[in-house]
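Novice: Pasting in a structure now, in structure tokens, and then I'll have a few things to ask.
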Amino acid sequence: MEAESGELREQLTGGRYAVVQYDIDEWSFDDADLAKLFGAPAPAAEDTDEAEDEDEDEDGASFALIGVATSVYEALDLLGEELPDEEWLTELDQEAWAEEAADFGADAVGEGEDDWIALLQGIRDPRRRSVAQLLCGVLGPMDFLTEEFEKDPYLGHVTARLPGARFVMLASAAPPHQEVAFAILELPPLGTPDPAARALLRAAASGDLAALRAAIGEGADVDTLDEYGTAPLHHAVAARTPGAVDALLAAGADPRVQAPFGNAPQFATADRPDRPHPTARRVDGDEHWTILWSLLDAGADINAVNTAGQTLLDLAIRSDPYPEQQVRLLLDRGAVSGELAHTRVDSLVSRLPYRYDDLLRVLRNQVRFLLTTGAPYDHPLDAMLGSTGYYERELSGDYLVGLVDLMLTHGVRDRPGTYGRTARESARQWVDHGLTHYQAVVDRLATAEVAP
85 MEAESGELRE
95 QLTGGRYAVV
105 QYDIDEWSFD
115 DADLAKLFGA
125 PAPAAEDTDE
135 AEDEDEDEDG
145 ASFALIGVAT
155 SVYEALDLLG
165 EELPDEEWLT
175 ELDQEAWAEE
185 AADFGADAVG
195 EGEDDWIALL
205 QGIRDPRRRS
215 VAQLLCGVLG
225 PMDFLTEEFE
235 KDPYLGHVTA
245 RLPGARFVML
255 ASAAPPHQEV
265 AFAILELPPL
275 GTPDPAARAL
285 LRAAASGDLA
295 ALRAAIGEGA
305 DVDTLDEYGT
315 APLHHAVAAR
325 TPGAVDALLA
335 AGADPRVQAP
345 FGNAPQFATA
355 DRPDRPHPTA
365 RRVDGDEHWT
375 ILWSLLDAGA
385 DINAVNTAGQ
395 TLLDLAIRSD
405 PYPEQQVRLL
415 LDRGAVSGEL
425 AHTRVDSLVS
435 RLPYRYDDLL
445 RVLRNQVRFL
455 LTTGAPYDHP
465 LDAMLGSTGY
475 YERELSGDYL
485 VGLVDLMLTH
495 GVRDRPGTYG
505 RTARESARQW
515 VDHGLTHYQA
525 VVDRLATAEV
535 AP
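Numbers 85 to 536, taken from our numbering, label the letters of the sequence shown in order.
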């Protein structure tokens with residue numbers, strides 16, 4: 085209605101917006117496509133085999149870029165052009181619409197059905213009307229996400245391929261109507277560095293303190309942005325050079341630059357040469373910690389989230405070895421977890437990511453964090469042992485015993501659970517079924533007190 089009346093909301097205009105759709109067959113969005121989207125110089129040609137390997141390892145989703153718009157209204161029009169154009173684009177049939185609403189959109193429409201019909205009748209453009217029907221769930225059951233976008237199974241990880249972009253809307257097919265999703269993302273502010281700014285960016289990336297100070301002395305803006313929306317501070321953090329980070333902060337660099345776009349400096353990592361990405365998933369070591377404390381002391385938001393919805397505390401929890409002291413210091417500063425905020429130990433251990441050593445290590449750390457901080461749980465021993473047994477090639481006895489030991493040492497008690505069995509009895513059953521590495525679990529639980 086706003087688009088047709090011309091009464092546009094200012095907050096929905098200006099900027100640049102990418103419109104994408106889920107496409108399981110689309111794997112060709114590469115660095116050249118990203119450079120074109122951001123208006124950056126084309127990257128140098130890479131070895132084909134190496135490029136293919138990188139694509140396979142990319143933490144992204146299958147998606148196709150529909151187009152780029154200069155407002156949310158224009159982005160919705162682009163989305164409308166991709167929707168089916170058969171009977172859905174004819175004049176609105178009130179009776180048919182009401183019937184579909186009863187089948188699919190009753191929860192969304194509710195008692196205001198007549199108001200919805202009147203609203204849709206007031207949209208003259210059939211494609212805009214089709215978009216409205218899509219978003220209210222009449223063309224098919226859709227989940228319309230307004231938060232926790234990163235958890236969507238279809239487009240949740242698109243921001244890993246569009247660094248610094250943030251979701252404006254995401255419509256995703258509700259089960260069992262799978263593999264359909266559309267999203268609009270706002271692209272981050274970008275820059276066109278002048279020679280002095282370019283010199284500062286290069287110095288920050290290389291850790292050349294003399295060149296960095298010289299560029300600042302020549303008047304380079306310490307918060308200048310490059311063509312990908314990254315500032316000198318991002319480059320210095322990604323290069324893990326504490327001296328460069330401290331020099332930039334001393335010169336007035338903003339430790340919160342690009343934070344609203346999931347691209348705060350504390351998440352920067354050297355994903356590509358001269359192109360930091362907000363894809364750090366753990367804290368790398370002492371130099372990284374030194375940098376992070378400097379950023380926090382300078383005013384960085386300790387609970388800013390990255391493109392995966394993780395906070396700095398989540399990165400710490402994922403680190404190896406588990407940094408108990410640093411986690412405690414972050415908690416003392418008011419840090420919270422983004423990815424574990426509503427997670428129970430029971431759900432973590434009910435489906436173990438077997439054969440993936442890195443994911444298993446992260447899960448063990450997350451269990452430790454939740455138990456240490458007093459997060460609620462029901463019967464995690466039963467959740468892990470009651471229904472699922474793993475082959476030794478999938479999950480070692482040492483790992484299983486390690487998780488059991490974590491639980492027991494943090495006060496978890498064994499008691500009857502699934503089928504009335506204790507966790508020890510469940511572990512004994514797996515031994516009887518040929519999974520002999522569970523004997524170590526049986527032995528460890530034999531030393532534990534059983535609750536009534």
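The beta carbon of each residue, even a glycine, is placed where N, CA and C say it ideally should be.
If you check the beta carbons only, do residue 347 and residue 383 fall under 9 Å apart?
Specialist: Their beta carbons are not under 9 Å apart, which means residue 347 does not touch residue 383 by this criterion.
Novice: Expressed to the nearest angstrom, what Euclidean distance is found between the alpha-carbon atoms of residue 487 and residue 471?
Specialist: Spanning the two alpha carbons is a distance of roughly 16 Å.
Novice: Compare the beta carbon distance of residue 479 and residue 439 with 9 Å and say whether it is the shorter of the two.
Specialist: Yes, they are a contact pair.
Novice: Quick check: what's the CA-CA separation for residue 462 versus residue 388?
Specialist: Rounded to the nearest angstrom, the two C-alpha atoms are 30 Å apart.
Novice: Going along the chain, which residues of its own chain have a beta-carbon closer than 7 Å to the beta-carbon of residue 303, five neighbours each way excluded?
Specialist: Excluding sequence neighbours, residue 303 sits near 280.
Novice: Tell me whether the beta-carbon of residue 492 lies closer than 9 Å to the beta-carbon of residue 532.
Specialist: Cβ distance < 9 Å, so residue 492 and residue 532 count as in contact.
Novice: Going by C-alpha to C-alpha distance, which of 507, 534, 450 and 109 sits closest to residue 264?
Specialist: Checking every option, the nearest Cα to that of residue 264 belongs to 109.
Novice: Please classify residue 521: does DSSP put it in a helix, a strand, or coil?
Specialist: Helix.
Novice: Measuring alpha carbon to alpha carbon, tell me which residue in 147, 149 and 245 is nearest residue 392.
Specialist: Of 147, 149 and 245, the residue nearest in Cα terms is 245.
Novice: Report yes or no: do three or more beta-carbon pairs, one from the segment 424-443 and one from the segment 284-299, lie closer than 8 Å?
Specialist: Touching, no, given that fewer than three Cβ pairs across the two stretches are closer than 8 Å.
Novice: Which class does residue 108 belong to by DSSP, given the choice of helix, strand or coil?
Specialist: Coil.
Novice: Closest by CA to residue 275, which one among 122, 513 and 227?
Specialist: The residue with the shortest Cα to Cα distance from residue 275 is 122.
Novice: Once you ignore the five residues that flank residue 514 on each side, which residues in its own chain have a CB closer than 7 Å to its CB?
Specialist: For residue 514, where only same-chain residues beyond five positions count, the Cβ hits under 7 Å are 473 and 522.
Novice: Please report the distance separating the alpha-carbon of residue 256 from that of residue 338.
Specialist: Rounded to the nearest angstrom, the two C-alpha atoms are 36 Å apart.
Novice: Which class does residue 237 belong to by DSSP, given the choice of helix, strand or coil?
Specialist: Residue 237 falls in the coil class under three-state DSSP.
Novice: From the DSSP output, in three-state form, read off residue 422 for me.
Specialist: If DSSP states are grouped into helix, strand and coil, residue 422 belongs with coil.
Novice: What residues in its chain sit with their C-beta under 8 Å from that of residue 50, if we drop five residues either side in the sequence?
Specialist: There is simply no residue 50 to check, as the chain begins at 85 and stops at 536 in what is shown.
Novice: Report back the beta-carbon spacing between residue 490 and residue 452 to the nearest angstrom; my notes put them in contact at under 8 Å.
Specialist: About 6 Å separates the two Cβ atoms, so the contact holds.
Novice: Tell me which residues share the same chain as residue 211 and place their Cβ nearer than 6 Å to its Cβ, disregarding the 5 neighbours each side in the sequence.
Specialist: Excluding residues within five positions, the ones whose Cβ falls inside 6 Å are 164.
Novice: So is residue 443 buried or exposed if we call it buried at 16+ other beta carbons inside 10 Å?
Specialist: Exposed, by the Cβ-count rule.
Novice: Helix, strand or coil: how does DSSP classify residue 158 here?
Specialist: In this structure, residue 158 counts as helix in the three-state DSSP scheme.
Novice: Quick one: does the C-beta of residue 252 sit closer than 8 Å to a heavy atom of the ligand FAD?
Specialist: As for the ligand FAD, it is missing from this structure, which has no ligand bound.
Novice: Does the beta-carbon distance from residue 102 to residue 167 come in below 9 Å?
Specialist: Their beta carbons are not under 9 Å apart, which means residue 102 does not touch residue 167 by this criterion.
Novice: First and last residue of the alpha helix (DSSP H) that includes residue 436?
Specialist: Per DSSP, residue 436 belongs to no alpha helix (DSSP H) and is neither H nor E.
Novice: So, for residue 354: in the same chain, excluding its five sequence neighbours on each side, which residues have a beta-carbon less than 7 Å away from its beta-carbon?
Specialist: Correct list, in chain order: 322, 323 and 360.
Novice: Start and end of the alpha helix (DSSP H) containing residue 533?
Specialist: No alpha helix (DSSP H) holds residue 533; DSSP gives it neither H nor E.
Novice: Going by DSSP in three states, residue 100 sits in which element: helix, strand or coil?
Specialist: Correct three-state label for residue 100: strand.
Novice: Apart from the five residues on each side of it in sequence, which residues of its chain come closer than 7 Å, Cβ to Cβ, to residue 385?
Specialist: If we look at residue 385 and ignore the five residues flanking it on each side, its Cβ neighbours are 340, 343 and 348.
Novice: With residue 227 as the anchor, note down where its beta strand (DSSP E) starts and where it stops.
Specialist: Unbroken beta strand (DSSP E) run through residue 227: 226-229.
Novice: What is the DSSP secondary structure of residue 255, reduced to helix, strand or coil?
Specialist: Here residue 255 sits in strand by DSSP.
Novice: Just tell me which of 299, 270, 457 and 104 has its CA closest to the CA of residue 277.
Specialist: Answer by Cα proximity: 299.
Novice: What's the C-alpha gap between residue 226 and residue 435?
Specialist: Answer to the nearest angstrom: the Cα atoms are 27 Å apart.
Novice: Which one of 364, 465 and 503 has the shortest CA to CA distance from residue 497?
Specialist: When only C-alpha atoms are compared, the closest one is 465.
Novice: With DSSP run on the structure shown, which of helix, strand or coil describes residue 149?
Specialist: Strand, per DSSP.
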